[in-house]
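Counting from 1, one number per residue, gives the positions in the sequence shown under full-length UniProt numbering.
In this text, a Cβ means the ideal position worked out from N, Cα and C, and glycines have one as well.
This one's a predicted model, so the numbers in the text were calculated from it and none came from an experiment.
Comments concern the structure below.
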Amino acid sequence: MKTGLIKISRFDEGLTVFKPDYYLNRGKRIISDLLDKNIENSLLSELSDNIYQGGIFKRIFNKEGEKSYKYVTASDMVKAHPLNTAKNISKKFTPWVEEMTLKSNQILVSCAGTVGNTALVNDSFSGCIGSQEIIRIENLKVPFGYIYAYLSTPLVHEYIQSMIYGAVVPRISPDELGNLPILLPTENKQQEINNLIVKASDLRVEANRFLSEVHSIFNEKLSFQSNKEIHSSKEANIIKYNYHKRLDSSYYININNPEDELSKGKYQSIELGKLVSRKMFTAQRGKRNYVGSNGIRFLSTTNISESNPLLIKKYLSRNTKGLDTLIVEKDWILVSSSGQDILGSAFLVDNSYSKCAVNQHSIRVIIDKEIISPYYVYGYLSTPKIKEYIRSGIYGSAVLTIDENFLKHLKVPILKDDIHSISKMVKRSSAKFEEACFLEKEAIDLVEKEIEKWQK
Numbered sequence: 001m002k003t004g005l006i007k008i009s010r011f012d013e014g015l016t017v018f019k020p021d022y023y024l025n026r027g028k029r030i031i032s033d034l035l036d037k038n039i040e041n042s043l044l045s046e047l048s049d050n051i052y053q054g055g056i057f058k059r060i061f062n063k064e065g066e067k068s069y070k071y072v073t074a075s076d077m078v079k080a081h082p083l084n085t086a087k088n089i090s091k092k093f094t095p096w097v098e099e100m101t102l103k104s105n106q107i108l109v110s111c112a113g114t115v116g117n118t119a120l121v122n123d124s125f126s127g128c129i130g131s132q133e134i135i136r137i138e139n140l141k142v143p144f145g146y147i148y149a150y151l152s153t154p155l156v157h158e159y160i161q162s163m164i165y166g167a168v169v170p171r172i173s174p175d176e177l178g179n180l181p182i183l184l185p186t187e188n189k190q191q192e193i194n195n196l197i198v199k200a201s202d203l204r205v206e207a208n209r210f211l212s213e214v215h216s217i218f219n220e221k222l223s224f225q226s227n228k229e230i231h232s233s234k235e236a237n238i239i240k241y242n243y244h245k246r247l248d249s250s251y252y253i254n255i256n257n258p259e260d261e262l263s264k265g266k267y268q269s270i271e272l273g274k275l276v277s278r279k280m281f282t283a284q285r286g287k288r289n290y291v292g293s294n295g296i297r298f299l300s301t302t303n304i305s306e307s308n309p310l311l312i313k314k315y316l317s318r319n320t321k322g323l324d325t326l327i328v329e330k331d332w333i334l335v336s337s338s339g340q341d342i343l344g345s346a347f348l349v350d351n352s353y354s355k356c357a358v359n360q361h362s363i364r365v366i367i368d369k370e371i372i373s374p375y376y377v378y379g380y381l382s383t384p385k386i387k388e389y390i391r392s393g394i395y396g397s398a399v400l401t402i403d404e405n406f407l408k409h410l411k412v413p414i415l416k417d418d419i420h421s422i423s424k425m426v427k428r429s430s431a432k433f434e435e436a437c438f439l440e441k442e443a444i445d446l447v448e449k450e451i452e453k454w455q456k
């Protein structure tokens, strides 16, 4: 049970609200106390000329191409690669295109379901259509990087939770968000924080560009073709001699087996299971004992897909059974083994979560660097078409799953003329993503230090 004392004047703020969670919200309590100290502040609506939410309409999805826009949802916007999970929405049947289009340097806040998540639009996904469940903040009178960092602090995220309404689906409105108090440090401090956020945003754009170039090389050199027709046919002997012993149609019509496709080409290929330094594995399952910051930082597979794993503050006890199987190391490749859209996605471990614990819902692929570069293998596994093939190995009706026995037979093509350049680009991409995470974390920490200083 949560208990606490509040000033009687706080009831004037709540007007007709008489819920304990509203008044005992830590973020609201601390920021309200700072407002009483006359710390310089403004409402968000006073600092922005435009806080709005996209219109509600029937969404018609279709294939990627000239007749569609990329459609970014509130869950997509927080990803390191937002377009990897974004769907394609019809140009013909999408209204209010200008209003719904995401613009560079807009600040986005999720406003339904999971409320209060933030993202800064960069050139990697500006120009896409944004979901109606995203609030857009633009035309700010103070540096946008400062406002983004401020909204991304845990304290302000907690404050936003006090604004939620809705018994079934939690929501906030643009008007409610506009009433959020923005505490303002000196202009020099605002600019310092802004510069860090802008630099981090630019690094993410560069990182995505390098990775896109790698995917383009694989797409150009290889000829994997998706079979999106509902009806398709396969020869009986293909099914008879398939080592996965599958008889479900989705396995065969999802995408042509890379082994079949590579056999038609001129490139040597090696099974993924023969490129590893140790057998692929998933972490041990068991009870998780959460502790304070003296434990081992713990992330889910969803967390490592997000733009900044450094912002996750959940810790496991160092005495957790099987902890050694949860710990991941730099340059390991993790392949998501369960879930929905995330299933089949590949992640390259960098220093933002190396030596941390990652849950059991990802297969650990530890490439033998004496055989091949892990950067090259990750570049291949992260291509959308290979993710599509990996997903053809899904089994399970309630919880969709793939396992290492399927993954180890995946053929990896050896593009001898490109292997060095691909490895170099992936390494640079990873380094830029990593640097962006640390710069963004530094900016958010600066905001938190200012708030701590004001409390003294």
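Query raised in the report: Taking the C-alpha atoms as reference points, what is the distance between Leu140 and Leu410?
Result: Rounded to whole angstroms, the separation of the alpha carbons of Leu410 and Leu140 is 49 Å.
Query raised in the report: Sorted by chain position, which residues of the same chain lie with C-beta nearer than 8 Å to Asn219's C-beta, five sequence neighbours on each side aside?
Result: Contacts found: Thr383, Lys385.
Requested in this report: Keeping to the same chain, check which residues put their C-beta closer than 6 Å to that of Ser373; ignore five residues upstream and five downstream.
Outcome: For Ser373, where only same-chain residues beyond five positions count, the Cβ hits under 6 Å are Ser423.
**Report entry** Proximity of Pro185 and Leu35 at Cβ, strictly below 7 Å
**Finding:** No, Cβ-Cβ distance for Pro185 and Leu35 is not below 7 Å.
Query raised in the report: Relative to the alpha-carbon of Ile333, which residue among Ser223, Lys279, Leu323, Gln340 has its alpha-carbon at the smallest distance?
Result: Per the Cα distances, Lys279.
Query - Under 7 Å between C-beta atoms of Glu133 and Ala112 - result: Their beta carbons are under 7 Å apart, which means Glu133 touches Ala112 by this criterion.
Query raised in the report: Between which two residues does the beta strand (DSSP E) carrying Phe347 extend?
Result: If you look at Phe347, you'll find it in the beta strand (DSSP E) that goes 346-348.
Query raised in the report: Is Thr118 helix, strand or coil when you go by DSSP?
Result: Looking at Thr118 - three-state DSSP - the assignment turns out to be strand.
Query raised in the report: With distances taken between CB atoms, is the gap from Glu404 to Ile363 smaller than 7 Å?
Result: Judged by beta-carbon spacing, Ile363 lies within the 7 Å limit of Glu404, meaning their Cβ atoms are closer than that value.
**Report entry** Segments of 3+ residues assigned as beta strand (DSSP E) that fall wholly inside the region 131-173
**Finding:** Taking only runs of at least 3 residues, the beta strand (DSSP E) segments lying wholly in the region 131-173 are 134-140.
Report task. Thinking Leu155 and Ile451 are a contact (beta carbons under 8 Å), I'd like their distance in whole angstroms, please. Result -> The pair is a contact, with the Cβ atoms about 6 Å apart (cut-off 8 Å).
Report task. Locate the beta strand (DSSP E) running through Ser68, then write down its first and last residues. Result -> First-last of the beta strand (DSSP E) with Ser68: 68-72.
Query raised in the report: With respect to the beta strand (DSSP E) encompassing Ile414, which residues constitute its N-terminal and C-terminal limits?
Result: In the DSSP annotation of this structure, the continuous segment of the beta strand (DSSP E) that includes Ile414 starts and ends at 411-414.
Query raised in the report: Residues in its own chain within less than 7 Å of Ile172 by CB, not counting five upstream and five downstream?
Result: Hits under 7 Å: Cys111, Val115, Ile160, Met163, Ile164.
Query raised in the report: What separation, rounded to the nearest whole angstrom, lies between the Cα atoms of Val276 and Ser421?
Result: Roughly 21 Å between the two C-alpha positions.
Requested in this report: Just the C-alpha distance for Val399 and Glu306, rounded to the nearest angstrom, thanks.
Outcome: Going from the Cα of Val399 to the Cα of Glu306 covers about 22 Å.
**Report entry** Cβ-based neighbour list, Ser104, same chain, cut-off 7 Å, excluding 5 preceding and 5 following
**Finding:** When the five nearest sequence neighbours on each side are left out, the beta carbons in the same chain lying within less than 7 Å of the beta carbon of Ser104 are those of Val121, Asn122, Asp123, Ser126, in order along the chain.
**Report entry** Whole alpha helix (DSSP H) elements within the region 391-430, 4-residue minimum
**Finding:** Listed in chain order, they are 404-407.
Query raised in the report: Between the C-alpha atoms of Tyr146 and Leu272, what's the straight-line distance to the nearest angstrom?
Result: When rounded, the distance between both Cα atoms is 44 Å.
Report task. Along the beta strand (DSSP E) that carries Asp49, what are the first and last residues, could you check? Result -> Where Asp49 is concerned, the enclosing beta strand (DSSP E) stretches over 48-53.
Query raised in the report: What's the C-alpha gap between Glu229 and Tyr389?
Result: Caution is warranted here: a pLDDT of 47 is assigned to Glu229, below 50, making its placement in the model unreliable, and the coordinate value is therefore given only provisionally. C-alpha separation (whole angstroms): 15 Å.
Query raised in the report: Between Ser48 and Ile137, is the Cβ-Cβ spacing less than 7 Å?
Result: In this structure, Ser48 places its C-beta atom within 7 Å of the C-beta atom of Ile137.
Query raised in the report: In terms of residues, what are the limits of the alpha helix (DSSP H) holding Ile217?
Result: Note, Ile217: alpha helix (DSSP H), 187-221.
Requested in this report: Locate the alpha helix (DSSP H) running through Asn84, then write down its first and last residues.
Outcome: Per DSSP, Asn84 belongs to the alpha helix (DSSP H) from 82-85.
Report task. Identify, in the order they occur along the chain, each residue of the same chain with its Cβ nearer than 7 Å to the Cβ of Gln268, setting aside the five sequence neighbours on each side. Result -> Here the set comprises Ile414.
Query raised in the report: Hey, out of Gln191, Asn359, Tyr376, Leu439, whose CA is closest to Asp322's CA?
Result: Residue identity differs from the one stated: residue 322 is Gly in this sequence, not Asp. Nearest of Gln191, Asn359, Tyr376, Leu439 to Gly322, Cα basis: Asn359.
Query - Cβ neighbour criterion (16 or more within 10 Å) applied to Phe144 - result: So Phe144 counts as buried.
Report task. Use the C-beta contact count for Gln455: other C-beta atoms within 10 angstroms, 16 or more gives buried, fewer gives exposed. Result -> Looking at its Cβ environment, which holds fewer than 16 other Cβ atoms inside 10 Å, Gln455 is exposed.
Requested in this report: Count the C-beta pairs between the region 81-90 and the region 47-65 that are closer than 8 Å, then say yes if the count reaches three, no if not.
Outcome: In short, these stretches touch, since the Cβ pair count reaches three.
Report task. Could you have a look at Lys314 and say whether DSSP puts it in helix, strand or coil? Result -> Secondary structure of Lys314 (DSSP, three-state): coil.
Query - Alpha carbon of Leu222 to alpha carbon of Phe298, nearest angstrom - result: Here the alpha carbons of Phe298 and Leu222 stand approximately 38 Å from one another.
Query - Beta-carbon proximity check, residue 531 vs Ser336, cutoff 7 Å - result: Missing from the structure shown is residue 531; the chain here goes from 1 to 456 and no further.
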